[in-house]
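Residue numbers (our numbering): 1 to 221. Glycine included, each C-beta is placed from N, C-alpha and C at the ideal position. Notes to accompany the following structure.
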Amino acid sequence: MDLWLIVVVALAASLVLGFVVVIVRGRAEAVAGPAVQTTATSPAAAVEHGDSDEADLDASVRRLVGQGHRIQAIKVVRERTRLDLARAKSYVDRIADGASPAQSPPSAPEDRISADAMARVQALAAQGKIIPAVKELRQHTGLGLREAKDLVDRMTQSAALAAVSPPAAPAVPEPAAPAPDEVMARVRQLAAQGRKIHAIKELRQHTSLSLKEAKDLVDGF
1 MDLWLIVVVA
11 LAASLVLGFV
21 VVIVRGRAEA
31 VAGPAVQTTA
41 TSPAAAVEHG
51 DSDEADLDAS
61 VRRLVGQGHR
71 IQAIKVVRER
81 TRLDLARAKS
91 YVDRIADGAS
101 PAQSPPSAPE
111 DRISADAMAR
121 VQALAAQGKI
131 IPAVKELRQH
141 TGLGLREAKD
151 LVDRMTQSAA
161 LAAVSPPAAP
171 AVPEPAAPAP
181 DEVMARVRQL
191 AAQGRKIHAI
201 KELRQHTSLS
211 LKEAKDLVDG
221 F
């Protein structure tokens, strides 16, 4: 009997202790107020919502780089400027290195090289001289090694496609229209031979006369 009494007392004490813990915790939460949401905002959301007032790509990239989100910064540059991966990375790298970026996104490599220099690069690429072409391109544009090589590779592919493409067929000159006097001479000759149908066809082929007009003219010969 004493053992059962001890068990019952222990269970009752456990229940009372549980209720006390629940009540104390509820009061503590009521005093502290609603929990502050600590979920970290993703870099993409920060750019979408936090940058709407700034409308400044450079500032957005600097902030993301400063937060260690370099990859996200590259994505933002690509989304806003439609640059390819290499040029977007170069843009972010310049900002990360402390360089003063231009107000607008970087220009295409073709805009940073003279026509003569680009022609030399294209000629080297067409000849399969990849390394000299890459060196020439980097010298005039300041591109990184990988960017320059990618561009030269595209030039090489274009040259290869042009080499295997069939040459365009030369334009066949249209025969010169006969002089009006020659046409009328043939029409008169056909009419004189009694070949009026052929004369009418000949006349309509070289003029804009209707069938009736051509027939009336041939009948008058």
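Within 10 Å of its beta-carbon, does residue i have 16 or more other beta-carbons around it, so buried, or fewer, so exposed?
i	result
E202	buried
R25	exposed
R138	buried
E136	buried
Q67	exposed
I71	exposed
L57	buried
L15	exposed
L11	exposed
A133	buried
Where does residue i fall in DSSP's three states?
i	result
I113	coil
G18	helix
S210	coil
L83	coil
R63	helix
H140	helix
R195	coil
D153	helix
D97	coil
D58	helix
For residue i, which residues from the same chain have a beta carbon less than 7 Å from its beta carbon, with the 5 sequence-adjacent residues on both sides left out?
i	result
L190	H198, A199, E202
V76	V47, S60, V61, L64
In chain order, what residues of the same chain lie with their CB nearer than 6 Å to the CB of residue i, ignoring the 5 residues before and after it?
i	result
H206	V183
R204	A214
K196	V218
If we call anything under 9 Å between Cβ atoms a contact, is residue i one with residue j?
i	j	result
V146	A86	The sequence shown places Arg at residue 146, not Val. A contact, by the Cβ cut-off of 9 Å.
I131	T156	no
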